Amino acid sequence: MLVGAVFFPLLGAAISGLFGRWIGDRVAQWSTVICMVLAAVCGIGAFAQVALGGQPTTVPIVTWMEVGGLEASWALRYDTLSAVMVMMVTFISTLIHLYSVGYMSHDATPYRFFAYLSLFTFMMLMLVTADNLAQLFFGWEGVGLASYLLIGYWYEKESANVAAMKAFIVNRVGDLFFMLGVALTFFVFGSIEFSIIFAAVPDRAQDIFLGVNALELIAVLLFLGACGKSAQIGLHTWLPDAMEGPTPVSALIHAATMVTAGVFLVCRMSPVFEFAPTALALVTVVGATTAFFAATVGCVQNDIKRVIAYSTCSQLGYMFFAAGVGAYQVAMFHLFTHAFFKALLFLGAGSVIHAMSDEQDIRKMGGIWTKIPITYVVMWIGSLALAGIPFFAGYYSKDAILEAAFAAHSPVGMYAFILGLAAAFLTAFYSWRLLILTFHGAPRADAHTMEHVHESPWVMLFPLLVLAAGAIGVGYLFYPLFIGAHEQAFWQGSVFTGPDNHILHDMHEVPGWVPIAPAAIGLAGIALAYVMYMIAPELPGRLASRFRGLYLFLLNKWYFDELYDALFVRPARRLAEVFWKVGDARIIDGMPNGAADLAVQASRGAVRMQTGRVANYAFAMIIGLVIFVSLFLIGFVR
Amino acid sequence: MAWTLALPELVLALCGLAILLIGVLPKRDTFFPMAMAVTGSLLLAAVLVLGQQEGVALNGLYVADSFSSFMKVLALIGAALGLLLALDYNTRERLNRFEYPVLVLFATLGMMVMISANDLMSVYLGLELLSLPLYVMAAFDRDAGRSAEAGLKYFVLGALASGLLLYGASLVYGFAGTTNFDRLAAAFAAQEGVSPGVVVGLVFVMAGLAFKISAVPFHMWTPDVYEGAPTPVTAFFAAAPKVAALALLARVLLGPFADLAAQWQQVVVLISIASMLLGAFAAIGQRNLKRLMAYSSIGHVGYALMGLAVVSDVGLRGLIVYIAIYVFMNIGAFAVLVAMRRSGRAVEQVEDLAGLGRTDPAMALWMAVFMFSMAGIPPLAGFFGKLYVFLAAVQGGYWTLAVIGVLTSVVAAYYYLRIVKVMYFDQPPEAALERAPPSLSVVMATTGLFNLAFCLFPAPMLAAAGIAAAALLG
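If you read the sequences in order, they're chains A and B. Going by this note's numbering, 451 is the number at position 451 of the first sequence; the sequence numbering is gapless. Going by this note's numbering, 281 is the number at position 281 of the second sequence; the sequence numbering is gapless.
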């Protein structure tokens, strides 16, 4: 069962990817779906056995490599942390496979899509069940690859290719740091196996590497790697562009699972981070800044998927600063609930896009809520959960994060708390801006599109309803396990908290206004959105022209892309141009071309000797003889 | 009686006389039966060579050892295959006179005498016995101007070379007092220094032999004669006589003149380098396949001489292996050249191969195999030939030779691969080449398979070459 959860998706991917052309689209699709269902059953079983039953275990598969002191094996490390992830990933992935059957029904090569999707799921499971850093890195790169393939799935589209490359390259920047982190880990601990590293952390706490505390350095490097995958500020630029991929991809990879790999990594490496307070402070600041930054940008975007993408970015920021203040369990809890409502929002958006004949601009929607009532309702549920309205999933986790930040009683904690609150307000605002612009008001699409607005088929609605139920219920259901009374029995030490870390206890003792604040502020955000877009629809335009600078600043995403373009992309291109024109074309090509020219001329010279006259030939023979004889005699004399 | 040692040569000579006699009797065309008879004689001689005892015979003129056996068998196979190439061609070109196989037979007899020569006199005897039939064969298509021209050029320059050799031999005799190899070796071993006269004589002898293997600068005849002579004759020129002349050169230099190695070595190094360079560069611009093959064979001789230049048993083994593989590559490639016919006419330009990959995949495949093999691309036989001489050069510390060898084989790869490119990527002309006749297909397939399979079973050849080398170096 433990193995099945991981390897069924691989089986599905193999069937669909290798044989999809022959067995036909339907068979390929449904075989991956069935494999995923089996994996999900196994995943839930694994969760029950490992997390609820309290039997963490490691399933060895095979030794991968043994090079000198470096030993890495394929093994599935099942503790509560990975069991939670396995259950969540297989469950959500199954729903998204199912949804895709409907969504991709008009596509030309669905078997390819499903193969990629299943491959991604396998890689993600590899990542979360890794028993050592090498295997984790394998999964880490594997999801990057699958993400690249899926973003660029519609490879005829120029923008999709560009986005796929951007995602891959930006991720590589993070991966570089991650690899350095792994290398340093091996250097310091002499092993990359988690169990050995974690056991040795306390002894190594004072190690110095290049004048810096080694553990701090490892933690910072790993965190920078996590930043790439989890789209934290600085390395976030690929995530909005990744929305070029099909919507189920956005839901699975760029919302629910892959992007949370960074958060998972920080939690997984919590024993190291606990001994690296400076790195943790960095995590907090970066997380909080991202949460706020992405929320501000989300407020002015017009593409329905981009709004949700920035919202994802922002929520990931929450998770990071929760981990940063030491509340790893809270971060994991938010990761867990977020997976449900964010997948729901994306799939809902997909349903809207499907209904609107592939229109993604919310300025061209509106007035369709009566036509697609189920989608409308689930979008509401997703937004309520996202905004942290009481008793929806997001309420429990986001509340807990803000409480934890407050309870940290440190400057960075307070910074995170304030930005987190501000972001919560903005989150509510842009969520309702999205809802209102999409579903309410006068229809702004053309009549032809409006005629075709239709509810999605059941194969798409079913996953939506399941996720909606999750978005309502998982917060309440799992709160006691993740961060409530049973927290210690549940985690069983799979997430390490230092002896001085009482954040989970402290967060329940914050002043009475703190738990209420997020919800209240969320409601305020909703109210503002309602005022601006329902009651006074002309207000946003006036504000935009009044604060034009600010508006453009937000609309252009704080000019990150332009900055990177000027800082890295263009200089790199210029350098490449120099290398190409001078280094390659002139010098490197020049040498063989010159040699070839030389050879041709030598050939002409040699052929010119061949006059065809016997006398010349005889002369050549005699001259040769004379030369040899003289050589001989000179050598002889010597 | 010691003369029984020379049984293969005697039998071959008698067969030749008998065939000559029988050939004139019938009024009708006897080309084919005579060719078959000659082939049979050659194979019979090869069998006799294999069963030959070792020793010196005929008053020290003749020697039989493992080296001579190996080289003789190789020369006989080369000659027989070369004769097979002529069967179809000569009939179509109306060259089907029964003298042709007889000439091949006597030329081959000359080769055997050369290989077994143990005296400068028998060297000259064998060389002339080889050369005279070759002159006639070059001009065999006597109605064609360029064939006659080729024969005449070859004759004039060959006569010059023979003269040089004879003059050298007389110098050696004058200063050393003997022409017998064993006694020469003993004389040079006994005395401290050698007189300059012997040395000059040796250079003249080397020049005469270098002419036969068309090593630079005694190569000038090669492109003209190769181009002018009928294609099967060219094929014959390029294979068997080279074996004999190389064997003789090796025997002369490593036998009686072994003690003068310090002196002749630099000449061989120079000849080798010059041949490799010329073979690589001069062929680049060639459009005529036969001319191209002429330069290619000059280059190959350069590589083979590299094995001689390093003066070691490894080097000699490299030379033996190289020349053996060369024979099979070359005969195969010439089988394709001989088979090239369009609308009943023989063609010989590189462009004529255009599109062969589509019109005649089998022939194109074999040609590609030979070209890759000649270029020295693993895992084909040609690669191993080069490998062993380069290894010997590197082991002997002759880095210059090895580096030049590698560089020139890169340059040479260009024109070999160009042929492959023309066959597979160029547009075929309207009229495709005709199908190869069965005799040629068989030769192509046999030699092609040899080139392909050598990498799997190199051991017998290497072992035999090792024994042969050991026999010569004593």
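For each residue, glycine too, the CB sits at the ideal point set by N, CA and C. Quick caveat, the model's predicted, so the values are computed rather than measured.
Which same chain residues end up closer than 6 Å to ALA428/A when comparing Cβ atoms and leaving out the 5 residues on each side of it in sequence? ALA387, GLY522, GLY525, ILE526
Interface partners of ASP224/B on chain A, CB under 7 Å: GLY612
Contact belief for ALA295/A with LEU426/A at Cβ below 8 Å, rounded distance in angstroms: 4 Å
Starting from the N-terminal side, write out each stretch of the alpha helix (DSSP H) that is 4 residues or longer and does not extend beyond the region 194-250 of chain A. 194-204, 214-229, 238-241
What residue does the alpha helix (DSSP H) around SER641/A start on, and which one ends it? There is simply no residue 641/A to check, as chain A begins at 1 and stops at 638 in what is shown.
Name the two residues that bound the continuous alpha helix (DSSP H) containing ALA327/A. Here ALA327/A belongs to no alpha helix (DSSP H), and DSSP marks it neither H nor E.
Quick check on GLY211/A: buried or exposed, where buried means 16 or more other Cβ atoms within 10 Å of its Cβ? exposed
Candidates THR447/B, GLN52/B, VAL24/B: which alpha carbon is nearest THR4/B's? GLN52/B
Measure from the alpha carbon of VAL314/B to the alpha carbon of each residue in MET137/B, LEU472/B, ALA107/B, then state which is nearest. LEU472/B
Indicate, with yes or no, if the ligand HEM has a heavy atom lying under 6 Å from the CB of ASN556/A. The ligand HEM is not part of this structure, which contains no ligands at all.
DSSP three-state call for TRP558/A: helix, strand or coil? helix
Where LYS27/B falls, given that 16 or more other Cβ within 10 Å makes a residue buried: exposed
Which value, in whole angstroms, describes the spacing of the CA atoms of MET123/A and TYR148/A? 13 Å
Could you list the residues in the region 573-603 of chain A with a C-beta less than 7 Å from some C-beta on chain B, going in chain order? ALA599, VAL600, ALA602, SER603
What did DSSP end up calling ASN288/B once you bin it into helix, strand or coil? strand
Can you grab the Cα-Cα spacing for the pair LYS72/B / LEU631/A, in whole Å? 33 Å
When the Cα of THR438/A is compared with those of LEU133/A, ILE503/A, LYS305/A, VAL27/A, which residue comes out closest? LYS305/A
Identify every residue that forms a DSSP beta bridge with GLY55/B. ALA64/B
Please check the pair PHE275/A and PHE478/A, which I expect to be a contact at CB under 8 Å, by giving their CB distance rounded to whole angstroms. PHE275/A to PHE478/A, Cβ: 29 Å. No contact.
Quick one: does VAL626/A have its CB under 7 Å from some CB of chain B? no
Could you check whether the Cβ of MET293/B sits closer than 7 Å to any Cβ belonging to chain A? no
Against VAL267/B, what residues of chain A qualify as contacts under a CB-to-CB distance less than 8 Å, listed in chain order? PHE628, LEU631, PHE632
Excluding the five sequence neighbours on either side, which residues of its own chain have a C-beta within less than 6 Å of the C-beta of LEU462/B, listed in chain order? none
Taking the straight line between their C-alpha atoms, what separation do you get for LEU95/B and PHE140/B? 7 Å
Hey, does LYS153/B have any beta-carbon neighbour from chain A nearer than 7 Å? yes
Within the 7 Å Cβ cut-off, does ILE467/B reach chain A? no
MET507/A versus ALA485/A - alpha carbon distance: 13 Å
For THR121/A: DSSP bridge partner residues: In the DSSP output, where bridge partners are listed per residue, THR121/A has none listed.
When the distance is taken between beta carbons, is ALA261/B closer than 7 Å to VAL311/B? yes
Can you give me the C-alpha to C-alpha distance between ARG183/B and ALA117/B, rounded to a whole angstrom? 14 Å
List the endpoints of the continuous alpha helix (DSSP H) containing SER159/A. 158-189
Secondary structure of ASN501/A, DSSP reduced to three states: coil
Helix, strand or coil at PRO463/A [DSSP, three-state]: helix
Please confirm whether ALA5/A has its beta-carbon closer than 7 Å to some beta-carbon of chain B. no
Beta-carbon proximity list for ILE357/A, same chain, < 6 Å, skipping 5 on both sides: It is Ser, not Ile, that sits at residue 357/A in the sequence shown. Here the set comprises THR449, HIS452.
Do MET423/B and ALA346/B have their C-beta atoms within less than 7 Å of each other? no
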